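Below is one structure, written out as structure tokens; the observations come after it.
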Amino acid sequence: MLTPKSSPISSAYFQPNLGGDMAAVRGMVKALLETHRQRLAANETGLFDQSFIDWHCVGIEDYLAQVDATSWQQITTQSGLSESQLRHAATIYQGAERVICTWAMGVTQHKHSVPTVREITNLQLLFGQLGKPGAGLCPVRGHSNVQGNRTMGIDEKAPKALLDSLEQHFGFSPRREMGHNTVEAIEAMLRGEVKVLIALGGNLAAAAPDTERTAQALRRCDLTVHISTKLNRSHLITGKDALILPTLGRTELDMQASGPQYITVEDSFSMVHASEGIGKPLADTQRSETAIVCGIADAVLGNQQLDWLELADDYSLIRQHIQATIPGFDDFNQRCELPGGFYLGNAAAELRFATQSGKAEFCAAPLPDTLFPQIGAEKAPFVLQTLRSHDQYNTTIYGLDDRYRGVYGQREVLFIHPEDLADLGLQDGELVEIETLWNDGITRKVSGFKLVSYDIPRGNLAAYYPETNPLVPLASFGDGTGTPTSKSVPVAIRRCAQPPTLRIV
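Take 1 as the starting number for the sequence shown in the UniProt record's numbering and just add one per residue.
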């Protein structure tokens, strides 16, 4: 029930530095390891779940050696939390019977995001917090069907098993070369290697990093095609030729030759369920995304190997092809009728690990020496994260208020610690320009941002995207992920030399 009263949402609240999550978890493990050893020395049962570790894990010796080699000074400096805070967090963890660790883009949008996620996993493995009800690892996705896309094979590094299955079922030879992730695709456009971009939804020009370079990349295409539910910024930044193909939204009725259609989505917990729109489309000429893609395929490829238009008429036929090529989708159409959908399964939850050893593998990675090796020994004055406001969903801005943070009627604001304000000789409400520190000779700068004194760790800044996406270098992405480091941008700020000009985001 909604009331005007507030409710506590946590028993303790810690604010690590941007990029300090790995160090924070390492500090918790260091404190827990100390207690574990003290108990063993006293002939008591240790803290760690030794049976789970022995049966299901490898690599613990190397990992614990890395923990021992990590000093408290390293941990506190990088995490931004004190030793006492981390010991308190460790005590809370130690007292929990079942633990779920969740994280989102605050963890994944850093250069060392993979070691950070693996450090979180290390902590859970030590205590056997996998494979039992009420415990586990829970990455929070940034969109409703991200996981479903990957399950269906949307991967620039498509696995061999999937390609083999498609080849066998459809009787053609799919290309085996690796494709491009988003950053690589933009770089390829800049090099003139991409002739056509087809964007199935999205707002690439606003969502991608390095806004000006992304715009340059799009303009170098011969053709840009946007299959979209509504107009957005990307439609104004085109290749030599451009198409906007209006499509039905997921909430709109999708009526095809065989009747009303539904699609399926998969959530972060591996549940697949049907999604059927009921809203009346704006026009009878609107086509669904599926119908548009099938129409393009029919026009380009014909129907010799596959009757594309038949698939557009009846989506259940597409699900039959999925059933024949993707593991876990037996009786796909029938299972979509189940209330609440069906569970695909989760290997880790069943203690099945797709690793070379067949077991969960501890990761003995050291803490990073620096968050920004690209700028050498230079220390960034500030680290900026880009984030969303309350009145925003991804790049769609519904209003200018952010009731989460007490900001109303404006978006070009920069959150900063009050002591950092004082050190800079600046005042709350002053306008500043923000400039990225990078080593490629490109100036990345935005101006006219209003300083907002805020409870944020010292040396850290925050501002909304897409307004600050111009500050994120295209070449700054996570090792092994290709994810732009939008939560870890080295910047300097200074008072605006002149009033900013009005502009449309």
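Beta carbons are placed, not taken as given, at the ideal position from N, Cα and C, and that holds for glycine.
Note that the structure is predicted; figures quoted are calculated from it, not measured.
Cβ shell of residue i (< 7 angstroms), same chain only, five flanking positions each side left out
i, result
"I244", "H226, S228, H235"
"R176", "L163"
"L166", "P174, T325"
"T116", "D21, M22, V107, H110"
Enclosing alpha helix (DSSP H) for residue i [first to last residue]
i, result
"L126", "113-126"
"G106", "105-108"
"L311", "308-313"
"T151", "146-151"
"S10", "That residue, S10, is in no alpha helix (DSSP H); it is neither H nor E in DSSP."
Contacts around residue i, its chain only, beta-carbon distance under 6 angstroms, and the 5 residues preceding and following it disregarded
i, result
"A199", "H226"
"L387", "A462"
"P381", "A492"
"G153", "L162"
"L311", "C294, L317, I318"
"Q261", "D254, Y315"
Cut-off 8 angstroms between Cβ atoms - residues of its own chain near residue i, not counting five sequence neighbours on either side
i, result
"R118", "C363, A365"
"D331", "Q323"
"A348", "L130, G131, G136, L137, A360"
Range covered by the beta strand (DSSP E) that runs through residue i
i, result
"V413", "413-416"
"Y464", "460-464"
"R494", "489-495"
"D241", "241-246"
"A283", "Unbroken run through A283: none, as it is neither H nor E."
"L451", "445-453"
"I434", "431-436"
Beta-carbon proximity of residue i to residue j, cut-off 8 angstroms
i, j, result
"residue 525", "A12", "Past the edges of the chain, shown from 1 to 505, lies residue 525, and the structure says nothing about it."
"R220", "L190", "yes"
"V140", "S268", "yes"
"G478", "V107", "no"
"G218", "A205", "According to the sequence shown, residue 218 is Leu rather than Gly. Yes."
"V265", "G345", "no"
"L253", "K280", "yes"
"L223", "G239", "yes"
"L424", "M22", "no"
"F170", "Q305", "yes"
Rounded distance between the beta-carbons of residue j and residue i, thought under 8 angstroms
i, j, result
"P470", "T211", "4 angstroms"
"T370", "H110", "So it is not a contact: roughly 12 angstroms between Cβ atoms."
"L47", "L64", "Not really, about 12 angstroms apart at Cβ, beyond 8 angstroms."
"L123", "V29", "6 angstroms"
"L384", "T483", "Not a contact, Cβ separation roughly 16 angstroms."
"R458", "D428", "Going by Cβ atoms, the distance from R458 to D428 rounds to 16 angstroms, so no, they are not a contact pair."
Proximity test, Cβ basis, 8 angstroms: residue i and chain D
i, result
"F172", "In the structure shown, chain D cannot be found, because there is only a single protein chain."
Report yes or no: do three or more beta-carbon pairs, one from the region 431-446 and one from the region 479-498, lie closer than 8 angstroms?
-> Yes, the region 431-446 is in contact with the region 479-498.
Are the region 42-55 and the region 123-137 in contact at 8 angstroms, needing three or more beta carbon pairs?
-> yes
May I ask you to verify whether the region 68-76 touches the region 350-360, counting CB pairs closer than 8 angstroms and requiring at least 3?
-> no
Answer yes if the region 238-258 comes into contact with the region 287-302, meaning at least three C-beta pairs across the two stretches below 8 angstroms, and no otherwise.
-> yes
How do the region 414-423 and the region 450-459 stand: do at least 3 beta-carbon pairs fall below 8 angstroms, yes or no?
-> yes
Inter-stretch contact at 8 angstroms, needing at least 3 Cβ pairs: the region 93-101 / the region 314-322 | Touching, no, given that fewer than three Cβ pairs across the two stretches are closer than 8 angstroms.
Between the region 13-22 and the region 77-85, do at least 3 Cβ pairs fall closer than 8 angstroms?
-> yes
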